[in-house]
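To keep things clear, I will list the structure first and then write my remarks on it.
In this note's numbering, the protein residues as written are 1 to 179.
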């Protein structure tokens with residue numbers, strides 16, 4: 001039995017949940033999200049909680065997934081999601097161009113412009129080396145942060161590049177000198 005799927009989802013005050021077929025619409029103080037639920041999983045709403053119920057054991061693999069997707073939507077419209085990145089390297093930096101484009105200078109011959117999708121914001125600190133990607137959709141926030149990291153992943157020898165805050169990196173030993 002799915003341990004995650006069995007957990008009830010607490011619906012906080014001020015959050016409205018509408019169940020329409022295989023779509024769960026969640027509306028809260030930060031916005032509105034719609035989550036498509038796989039076939040064979042249903043949600044029941046009772047006394048401030050949502051419970052994921054599966055038809056039979058053939059849908060066991062999707063039980064926990066469906067519950068996690070709806071829980072992420074509920075958490076997104078109440079608190080929101082944030083992913084933080086840091087840029088390490090001499091001359092490496094990021095800056096905002098308008099409200100929806102981030103421009104990276106990462107040691108290439110040209111600056112890289114990354115447009116932000118709707119519903120995702122980015123804040124850059126005054127030193128231009130820490131970025132904070134935020135939004136209500138966890139998947140969008142994670143995808144944008146992964147694309148930013150992918151522009152210049154951390155180098156294994158000097159650890160220069162774009163990384164998540166708190167990410168632990170393994171540093172490789174360089175070449176040994178000639179004898």
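Using N, Cα and C, we set each Cβ at its ideal position, and we do this for glycine too.
Since this is a predicted model, take the numbers as computed values, not measurements.
- Inter-segment contact for the stretch 41 to 60 and the stretch 6 to 20 is present: three or more beta-carbon pairs are separated by less than 8 angstroms.
- Taking the Cβ atoms as the reference, residue 99 lies roughly 13 angstroms from residue 117, outside the contact range of under 8 angstroms.
- By the beta-carbon neighbour count (other beta carbons within 10 angstroms, threshold 16), residue 74 is buried.
- For the pair residue 137 and residue 79, the Cα-to-Cα distance works out to about 11 angstroms.
- When C-alpha distances from residue 31 are compared across 87, 81, 148, the shortest belongs to 81.
- Counting along the chain, residue 142 sits inside the alpha helix (DSSP H) bounded by residues 138 to 151.
- Note: residue 19 is bridge-paired with 24 in the DSSP secondary-structure output.
- In the structure shown, residue 110 adopts coil according to DSSP, grouped into three states.
- Burial is judged here by how many other beta carbons sit within 10 angstroms of a residue's own beta carbon; residue 3 has fewer than 16 and is exposed.
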